[in-house]
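Here is the structure we will look at.
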Amino acid sequence: MQSKFSASVRLAEYLSPKKESSNPTNISSFSDDAYSFGKLIEFVLDSCDSEGESIRSLREIAVQLTNEDPAQRTQLSSLLGHPALSNSLIQIIEFCNTIHLKTDDEKDEFFGAIVPRLRSIPADVVARRLCRLLLSRYVLLEARSQAKLYPALLVPAEDGDGILPRSHFQHRMVPEILRLFKVRESAVRTVLLSHFHLYARYIAHERLVGFVTDEVFHGCHDSDNHLVAASLRALAILVEIAGADAVCPWPISKIFANGSPLHEHRISNIVRDDNIKTWSDEEIADWNNDPSWSADWKADDKPSYELESEAATQSCEPESEAVTQSPSPVKFPTSTLNTSSTLVSKKSIGSEFEISVSTQRSLEDDLLADLTPNITTTSLIEQLSSLQNTVNAISAAKKVPLKFAMVETAEEAEGWEENVDENLTSIEDVGMKEVK
Numbered sequence: 001m002q003s004k005f006s007a008s009v010r011l012a013e014y015l016s017p018k019k020e021s022s023n024p025t026n027i028s029s030f031s032d033d034a035y036s037f038g039k040l041i042e043f044v045l046d047s048c049d050s051e052g053e054s055i056r057s058l059r060e061i062a063v064q065l066t067n068e069d070p071a072q073r074t075q076l077s078s079l080l081g082h083p084a085l086s087n088s089l090i091q092i093i094e095f096c097n098t099i100h101l102k103t104d105d106e107k108d109e110f111f112g113a114i115v116p117r118l119r120s121i122p123a124d125v126v127a128r129r130l131c132r133l134l135l136s137r138y139v140l141l142e143a144r145s146q147a148k149l150y151p152a153l154l155v156p157a158e159d160g161d162g163i164l165p166r167s168h169f170q171h172r173m174v175p176e177i178l179r180l181f182k183v184r185e186s187a188v189r190t191v192l193l194s195h196f197h198l199y200a201r202y203i204a205h206e207r208l209v210g211f212v213t214d215e216v217f218h219g220c221h222d223s224d225n226h227l228v229a230a231s232l233r234a235l236a237i238l239v240e241i242a243g244a245d246a247v248c249p250w251p252i253s254k255i256f257a258n259g260s261p262l263h264e265h266r267i268s269n270i271v272r273d274d275n276i277k278t279w280s281d282e283e284i285a286d287w288n289n290d291p292s293w294s295a296d297w298k299a300d301d302k303p304s305y306e307l308e309s310e311a312a313t314q315s316c317e318p319e320s321e322a323v324t325q326s327p328s329p330v331k332f333p334t335s336t337l338n339t340s341s342t343l344v345s346k347k348s349i350g351s352e353f354e355i356s357v358s359t360q361r362s363l364e365d366d367l368l369a370d371l372t373p374n375i376t377t378t379s380l381i382e383q384l385s386s387l388q389n390t391v392n393a394i395s396a397a398k399k400v401p402l403k404f405a406m407v408e409t410a411e412e413a414e415g416w417e418e419n420v421d422e423n424l425t426s427i428e429d430v431g432m433k434e435v436k
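Using UniProt numbering, the first residue of the sequence shown is number 1, and each one after it goes up by one.
As structure tokens, this is what we get:
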């Protein structure tokens, strides 16, 4: 009996020799495959320079597999547990292919240690050999894989406890995920959507807002409540990633107003100054007991209008009557507040917008004070009265009789009136003419 593997071998040295066996009943149907596998091990070991324990054990296996007697050749199934031919990659592949035949205890043991075993395998090997196998139907529908395997497999290593780097994840894992979105089975779609938040942001934008969004909307129209709920949660994740305008098929507009209070902005660039001097109670008491200092403070604490009234009163009194007052202690908070309130009550409307500029007079200002022009301004009523008087005077001049009116001379009238009588040269002539 010849297997497919033996039939595919074309090299003569890898083919089993045709010899009669001493015990034909013990010949396995895969004896020719065992012989070819032994020759393959010998070919690989010829390129190895080191001679370790694993190399020596492999040479012993190759000798047993290439025995000329087919009945004396080692069974291939017995080599699966050999340390030199057993590794995590082979064990994971073998278990995933036969997972439907495993017991619950074997599944618990396998999925409990699968993540560390996958990390021990090179990332490119996992991406090429295990991505599709770990997302196969029987593995995908296993509850243990959903809880222990996929939280680490469906996310890149840079953004969590992932197994694959981002480059391998986008190159190998994302195409497998998109392939599974084409499967119209509720159990498979529910598993994909339950882990949608892990891998959605690593799908290309044009595929995310196109193919994936359409498939999620198809799930929203299904009669399965669990699938609809998972589809709506995935739709919310799509809105966060791509925006409502790109995801929602209905028009988007501003409906709700934002009435939340503004957050306080803390000032972080305040530099603490430890050199600020604070006055003790003893020093303040010394100032209060200083007559000259408290008297000056009290004088400055009075409003301006009180100071003016006191100055006017003192100017009216005789100089001989000098009043001496004993200094009183300073009142810090209360007197200041009372004085400020009094000043505010005496201010006129609009005085808070006035700009007061305090200037100091120099000697030149005093000398030139007499030369400053004194411009007086009259009120509008006085100006109107003066204008009325001027108009009245002009009107009165127009009402003067003709005989009292002044007549222009010939020199003055020349060029203005063409019919001027040149004989009339004086007021007397005018009067005589009127009499005539």
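The beta-carbon is built from N, C-alpha and C at its ideal position, and this holds for glycine as well.
None of the values given here were measured: they were computed from a predicted structure.
### Task
State the DSSP-derived secondary structure class of aspartate 224, mapped to helix, strand or coil.
coil
### Task
Could you pull out every residue in the same chain whose Cβ sits closer than 8 Å to the Cβ of histidine 100, ignoring the five residues on either side in sequence?
Tyr138
### Query
Excluding sequence positions up to five away, which residues of its chain have a Cβ less than 6 Å from the Cβ of tyrosine 150?
His195
### Query
Straight-line CA distance for valine 44 to arginine 56?
13 Å
### Proximity of alanine 123 and histidine 168 at Cβ, strictly below 7 Å
yes
### Task
Taking 7 Å as the cut-off, decide whether the C-beta atoms of aspartate 159 and alanine 152 are in contact.
no
### Query
Between the C-alpha atoms of leucine 235 and valine 191, what's the straight-line distance to the nearest angstrom?
15 Å
#### Entry: Length of the line joining the Cα atoms of histidine 226 and arginine 184
15 Å
#### Entry: Close beta carbons around alanine 84, own chain, < 6 Å, minus the five adjacent residues each side
Ser54, Ser57 and Leu58
### Task
Look at the Cβ atom of threonine 213, then the Cβ atom of valine 174, and state whether they are nearer than 7 Å.
no
### Message
With distance defined between alpha-carbon atoms, name the residue in Leu180, Ala244 and Arg129 nearest to lysine 254.
### Response
Ala244
### Query
By Cβ distance below 6 Å, which residues in the same chain neighbour aspartate 224 in space, the five residues on each side in sequence not counted?
Ser186
### Task
Using alpha carbons as the reference points, say which of Ala204, Cys220 and His205 lies closest to leucine 193.
Cys220
### Task
Could you tell me which of Thr98, Asn97, Gly52 and Ala34 sits nearest to glutamine 72, measuring between CA atoms?
Ala34
### Task
Quick one: residues in its chain with C-beta nearer than 8 Å to the C-beta of serine 141, no 5 flanking neighbours on either side, listed in chain order?
It is worth fixing the name first, because residue 141 is leucine in this sequence and not serine. So the list reads Ala187, Val188 and Val191, once near-sequence residues are dropped.
### Buried or exposed by the 16-neighbour rule on C-beta atoms within 10 Å, applied to threonine 74
buried
### Query
Where do the ends of the alpha helix (DSSP H) carrying histidine 171 lie?
Neither: histidine 171 is in no alpha helix (DSSP H) and is coded neither H nor E.
### Task
Can you give me the Cβ contacts of proline 318 inside the same chain, cut-off strictly under 7 Å, excluding the 5 residues immediately before and after it?
Note that proline 318 scores 45 on pLDDT, short of 50, meaning its location in the model is unreliable; the coordinates nonetheless yield the value given after this. Correct list: empty, nothing qualifies.
### Query
Going by the CB atoms, is the gap between serine 231 and valine 216 shorter than 7 Å?
yes
### Task
Give the secondary structure of glutamate 53 by DSSP, where H, G and I count as helix, E and B as strand, and everything else as coil.
helix
### Query
Taking the continuous alpha helix (DSSP H) assigned at leucine 130, which residues delimit it?
Counting along the chain, leucine 130 falls outside any alpha helix (DSSP H), and DSSP gives it neither H nor E.
### Task
Find out if the Cβ-Cβ distance for the pair serine 120, serine 86 is shorter than 7 Å.
no
### Task
For my contact list, isoleucine 41 and isoleucine 61 are in at a C-beta cut-off of 8 Å; report their separation, rounded to the angstrom.
6 Å
#### Entry: Buried versus exposed, by CB contacts within 10 Å (16 or more), glycine 52
exposed
### Message
Cutting at 6 Å between CB atoms, please list the residues of its own chain near asparagine 67, excluding the five before and the five after it.
### Response
Arg73
### Query
So the alpha helix (DSSP H) alanine 244 belongs to, where does it begin and stop?
244-247
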